[in-house]
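Note sheet for the following structure.
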Amino acid sequence: MFSINTYTKRRHRLKSKLNTGIALFMGNVDASMNYTNNTYHFRQDSTFLYFFGLDYPGLAGLIDFESGEEILFGDDFTIDDIIWMGPQPTLKQNAAKAGISQTHPFAKLKDIIGKALLQGRKIHFTPPYRGKNIIVLSELLNILPAQVKNQASLPLINACIALRSIKEPCEIEEMERHMQTAYRMHTTAMKMAQPGITEQEITGIVEGISMSGGGMVSFPVICSVRGETLHNHYHGNTLKLGDLLLLDAGSESPLHYATDHTRTSPVGGMFTQKQKEIYQIVFDANNKALAASRPGITYKEVHLLAARTIASGLKDLGLMRGDVDEAVAAGAHALFMPHGLGHMIGLDVHDMEDYGDTLVGYDEETPRSTQFGLAALRLGRRLEPNFVVTNEPGIYFIPALIDQWKAKGKHTAYINYDKLESYKTFGGIRLEDDILITETGNRILGERIPINPEDVEHMVKSGA
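Position one of the sequence shown corresponds to residue 1 (the UniProt record's numbering), numbered consecutively onward.
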């Protein structure tokens, strides 16, 4: 946990943003894997972690915006628990770590919420994403489970987004410290990118490095020679000379802050000429987006800069044609990059997206586009100091999408479908860094994982 002062200040800042009703924060509970007592690795709810910091199941927090009360609900461990788990702090001792003095057994929560409902008071909560908490909220609020998410509090959601978007010094320090683990994960994978190695072998090693660094992976590892599939979780291929290995992988720090990086490596250590040409375009897009990211610019503008860089590079290769600005405005480049440039990152790898990614990434000034590709941009709003975001341009040759667009005659003024035929087996390249927006610009968190094509080749060869 961070200091007591960190959590008390966070709750105080939240109280300054809402002045009526009660906020209810449901912690997570253990989730059974294949029978009751065989559970998945426990992961606490991020909003609960942010305001209360306690990282074990069976808790709920309450903030009364009118009285100022702060209450932690939970149950003390029984002797049966202690037999299996060893000595454990009491609920009151754990609450004190977060600066909470008032505690109640979990069953008392129903009485307090029931009384508030009878008084006509507003119960604020963020959208639940786990079935158990949906059921508990349904019972507490006397509404059907299907109605629970629709009753989530927009004022509380907006207040949480405002607070969590700006990373505190302790959060930045935690994230930066854990970048060492991310560096080891990706450089190890590069060294393993040799003919005859399987994707699963690399995935297993990468996940092990994450665990040895203090936390589980922050999302299921994407490790594939079929990088044109954006979220490819199949790991059954064996690497062969000439393949490109795309690894998109991140780790959670001991306090659950995420890393998220992507690197694309040539199996055996040498890019072909065609691979190097496409890689260089993505590398240029990454660096130009990095240089442009600063307070005051919208990330939508940075995304479009990366898109123009990609379209210009592909035009130089004869894969696109016509006016680059017009092509990007029309969305023709999205054939090659159908996703957004990046997203917020913090306690969640896609930070706060349980609140709704449009609420997190957009505002009245910058509404979300409906255009294919641009609509997938998760973060479009104006950047501010101490935002932490990902920068992850890519180029992909997706045969099904190419065939569909070609059959429809889509964007023929900007896309050279004849030349594109020879790229349909190419795969995909993505390059991703985690960046902190500073007062005057930005900086990459941690030591930059090798990204220059020559450095990547060298790192792969060093593992042969």
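Yeah, the Cβ is synthetic: ideal placement off N, Cα and C, and Gly gets one too.
Pop quiz: Leu244 and Gly27 are said to be a contact at Cβ under 8 Å. What is the actual Cβ separation, rounded to whole angstroms? Not quite, the Cβ-Cβ distance comes to about 42 Å (not below 8 Å), so this is no contact.
I'd like the span of the alpha helix (DSSP H) that includes Arg121, first residue to last. Counted as a single uninterrupted DSSP element, the stretch harbouring Arg121 is not any alpha helix (DSSP H), since DSSP gives it neither H nor E.
Cβ distance (whole Å) where Thr39 is taken to contact Asp30 below 8 Å: Correct: roughly 4 Å between the Cβ atoms.
Where does Arg10 fall in DSSP's three states? Helix, per DSSP.
Beta carbon of Asn133: closer than 7 Å to some heavy atom of the ligand FAD? Among the components modelled here there is no ligand, and therefore nothing to report on the ligand FAD.
Under a three-way DSSP split, which group does Thr103 fall into? Reduced to three states, the DSSP call for Thr103 is strand.
Report yes if the CB atom of Ser153 is closer than 8 Å to the CB atom of Gly213, and no otherwise. It is not a contact, given that the beta carbons lie outside the stated cut-off.
What residue range is occupied by the uninterrupted beta strand (DSSP E) comprising Asn442? It spans 442-444 - the beta strand (DSSP E) in which Asn442 sits, taken as one unbroken run.
In DSSP terms, what Cys170 is bridged to: Beta-bridge pairing links Cys170 to no other residue.
With a cut-off of 8 Å on the beta carbons, I'd call Pro453 and Lys276 a contact; round off their distance for me. Between Pro453 and Lys276 a beta carbon distance of about 6 Å is seen, short of the 8 Å cut, so the two are scored as contacting.
Is the separation between the beta-carbon of Met459 and that of Lys191 shorter than 8 Å? Contact flag set, yes.
Measure the CB-CB distance between Tyr299 and Ile161 and report whether it falls below 8 Å. Not closer than 8 Å, so no.
Please give the ranges of any beta strand (DSSP E) in the stretch 429-464, keeping only runs that are unbroken, at least 3 residues long and fully inside the region. 433-437, 442-444, all fully within the stretch 429-464.
Leaving out five residues on either side along the sequence, give the residues of the same chain with a beta carbon under 6 Å from the beta carbon of Phe106. Answer for Phe106: Phe73, Gly74, Asp75, listed in chain order.
Taking all protein chains shown into account, decide if Ser293 is buried (16 or more other Cβ within 10 angstroms of its Cβ) or exposed. Burial check for Ser293: the Cβ neighbour count within 10 Å reaches 16 or more, so the residue is buried.
Meets three-Cβ-pair contact criterion under 8 Å: the stretch 199-209 and the stretch 386-396: Of all C-beta pairs linking the stretch 199-209 to the stretch 386-396, fewer than three are shorter than 8 Å, placing the two stretches out of contact.
Leaving out the 5 sequence neighbours to the left and right, which residues in its chain are closer than 8 Å to Ser462 when beta-carbon positions are compared? Excluding positions up to five away in sequence, the list reads Lys191.
For Ala95 versus Phe65, is the C-beta distance shorter than 8 Å? Result no, Cβ atoms of Ala95 and Phe65 do not sit closer than 8 Å.
C-beta contact flag for Ile4 and Gly99 at 8 Å: Yes, Cβ-Cβ distance for Ile4 and Gly99 is below 8 Å.
Does the beta-carbon distance from Pro254 to Glu457 come in below 8 Å? Contact: no.
In this structure, what does DSSP give as the bridge partners for Tyr35? Tyr35 is bridged to Asn38.
Could you pull the DSSP bridge partners for Tyr396 from this structure? According to DSSP, which records beta bridges pairwise, Tyr396 is partnered with Gly428.
Opening and closing residue of the alpha helix (DSSP H) in which His303 lies: Here the alpha helix (DSSP H) through His303 covers 299-316.
Return helix, strand or coil for Ile143, following the three-state DSSP convention. Here Ile143 carries a coil assignment [DSSP, helix/strand/coil].
Look at the Cβ atom of Thr259, then the Cβ atom of Leu246, and state whether they are nearer than 8 Å. No. Outside cutoff.
Contact belief for Ile222 with Ala249 at Cβ below 8 Å, rounded distance in angstroms: With a Cβ gap of about 7 Å, Ile222 and Ala249 count as contacting.
What are the complete beta strand (DSSP E) segments, minimum 3 residues, inside the stretch 200-239? DSSP runs (the beta strand (DSSP E)) wholly in the stretch 200-239: 222-224.
Start-to-end residues for the alpha helix (DSSP H) that takes in Met26: No alpha helix (DSSP H) holds Met26; the beta strand (DSSP E) holding it covers 22-26.
Check whether Phe48 and Gly58 have beta carbons under 8 Å apart: No, they are not a contact pair.
Measuring only the C-alpha atoms, how far is His124 from Glu168? So the two alpha carbons sit approximately 24 Å from each other.
Please tell me whether Leu230 and Leu18 are closer than 8 Å, where the distance is taken between their beta carbons. No, they are not a contact pair.
Are at least three pairs of beta-carbons, each pair with one atom in the stretch 136-150 and one in the stretch 322-335, less than 8 Å apart? The answer is no - the stretch 322-335 does not touch the stretch 136-150, with fewer than three Cβ pairs under 8 Å.
In whole angstroms, what is the alpha-carbon distance linking Arg164 and Val360? Distance between the alpha carbons of Arg164 and Val360: 10 Å.
What residues match up with Asn391 in a beta bridge as DSSP calls it? Bridge partners of Asn391: Asp433.
Taking the continuous beta strand (DSSP E) assigned at Gly61, which residues delimit it? Per DSSP, Gly61 belongs to the beta strand (DSSP E) from 60-64.
Considering only their Cβ atoms, is the gap separating Leu341 from Leu377 smaller than 8 Å? Yes, Cβ-Cβ distance for Leu377 and Leu341 is below 8 Å.
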